[in-house]
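A.B. asks: Let me give you the structure first, and then I'll get to my questions.
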Amino acid sequence: MGQKNLVSQWMASDIARLLDRAENPELAIEQLIGDLEESIVDLRRETVTAVARQNRLRQRFFAAEEAAGRVEREASMVLARGEELRARHVLSRQIGALKARDNLEVELVEAGRVSAGLVASLIRMEDRAQLARRKQDELVRRKRTAENGPNPADTVSAIRIRPAEATRGHAFDGYAEAVSALEQEASRAGREETEGGGR
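Per my numbering, the sequence shown starts with residue 42, numbered consecutively.
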């Protein structure tokens with residue numbers, strides 16, 4: 042709970058301002074990055090679960106929609122044959138099928154909203170972690186400069202940001218890749234749960 046509150050504070054505030062107030066900025070940024078990376082792992086797990094749930098609900102919704110269509114066709118045929126008593130029974134089944142479909146549609150919309158919110162939060166948190174890593178590099182360069190004098194290579198690398206190097210070893214390289222990775226993992230999780238007999 043404490044770590045989540047701390048990460049939320051860091052997410053909502055300016056990293057530079059937080060570091061200015063820290064007694065030991067290097068230690069503070071290291072702690073921040075560690076906490077952010079832990080939170081990213083937790084949020085990623087939560088996001089994958091939410092996307093997998095959304096995918097399962099989508100499949101159930103389409104199955105319910107198909108079932109409602111079958112019952113509707115059956116009701117039309119029974120009415121065309123003039124079997125009024127049977128038609129009433131089929132129509133009551135159709136009402137039940139339509140209610141089930143509508144309930145699933147509501148759940149699906151809500152699951153989509155939750156998944157989208159989690160994906161957006163995950164992307165924001167990953168952005169903050171990247172910013173914190175750049176800040177850490179900047180602090181290291183400053184310290185080195187203060188100890189040894191300016192190094193021309195540091196000046197050039199500070200000006201030119203290389204995204205592939207900045208994200209090496211971390212969960213996401215970009216937004217599209219992040220969403221794609223989440224969808225693939227959610228799809229695998231959904232298949233594993235279905236094969237395991239869960240719903």
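Glycine residues also receive a C-beta, built at the ideal position from the N, C-alpha and C atoms.
List the whole-angstrom C-beta distance separating Leu180 from Glu67, where the pair is believed to meet the contact cut-off of C-beta under 8 Å.
C.D. replies: At roughly 6 Å, the Cβ-Cβ gap stays under 8 Å, so Leu180 and Glu67 are in contact.
A.B. asks: Hey, how far is the Cα of Arg175 from the Cα of Asp168?
C.D. replies: In a straight line, the C-alpha of Arg175 is about 11 Å away from that of Asp168.
A.B. asks: Can you give the Cα-Cα distance for Asn144 and Ala105, rounded to whole angstroms?
C.D. replies: Approximately 10 Å, taken between the alpha carbons.
A.B. asks: Ala170 and Ile70: beta carbons closer than 8 Å?
C.D. replies: Going by C-beta atoms, Ala170 is not nearer than 8 Å to Ile70.
A.B. asks: Under the rule that 16 or more other beta-carbon atoms within 10 Å means buried, what is Arg85, buried or exposed?
C.D. replies: Answer is buried; the Cβ neighbour count reaches 16.
A.B. asks: Indicate the three-state DSSP secondary structure (helix, strand or coil) for Glu79 in the structure shown.
C.D. replies: Correct three-state label for Glu79: helix.
A.B. asks: I need the DSSP call for Arg201, collapsed to helix, strand or coil.
C.D. replies: Annotation note: pLDDT 46 at Arg201 (below 50); position unreliable, coordinate value reported separately. Three-state DSSP puts Arg201 in coil, outside helix and strand.
A.B. asks: Could you tell me if Val89 is buried or exposed, where buried requires 16 or more neighbouring beta carbons within 10 angstroms of its beta carbon?
C.D. replies: Buried, since its Cβ has 16 or more Cβ neighbours within 10 Å.
A.B. asks: Count the other C-beta atoms from every protein chain shown that fall within 10 angstroms of the C-beta of Phe102, then say buried if there are 16 or more, exposed otherwise.
C.D. replies: Classification of Phe102: buried, given that the 10 Å Cβ count is 16 or more.
A.B. asks: Should Met166 go down as buried or exposed, given a rule of 16 or more other Cβ atoms within 10 Å for buried?
C.D. replies: Met166 should be labelled buried.
A.B. asks: Starting from Glu2 and walking both ways along the alpha helix (DSSP H), at which residues does that stretch end?
C.D. replies: Residue coverage of the chain in this structure runs from 42 to 240, which leaves residue 2 outside it and unanswerable.
A.B. asks: In whole angstroms, what is the alpha-carbon distance linking Leu149 and Gln225?
C.D. replies: One C-alpha to the other measures close to 19 Å.
A.B. asks: So, helix, strand or coil for Asn65, using DSSP?
C.D. replies: In the structure shown, Asn65 sits in coil (DSSP, three-state: anything other than H, G, I, E or B).
A.B. asks: Out of Glu125, Arg185 and Glu151, state which residue places its alpha-carbon closest to the alpha-carbon of Arg99.
C.D. replies: Nearest C-alpha to Arg99: Glu151.
A.B. asks: Any idea if Val147 is buried or exposed, counting beta-carbon neighbours within 10 angstroms, 16 or more meaning buried?
C.D. replies: Its Cβ having fewer than 16 others within 10 Å, Val147 is exposed.
A.B. asks: Between the alpha carbons of Val160 and Asn96, how many angstroms are there, rounded?
C.D. replies: Between Val160 and Asn96, the C-alpha separation is close to 15 Å.
A.B. asks: Tell me whether the beta-carbon of Ala109 lies closer than 8 Å to the beta-carbon of Leu139.
C.D. replies: Yes, the Cβ-Cβ distance between Ala109 and Leu139 is below 8 Å.
A.B. asks: Taking just the CA atoms, how far does Glu107 sit from Gly123?
C.D. replies: Answer to the nearest angstrom: the Cα atoms are 25 Å apart.
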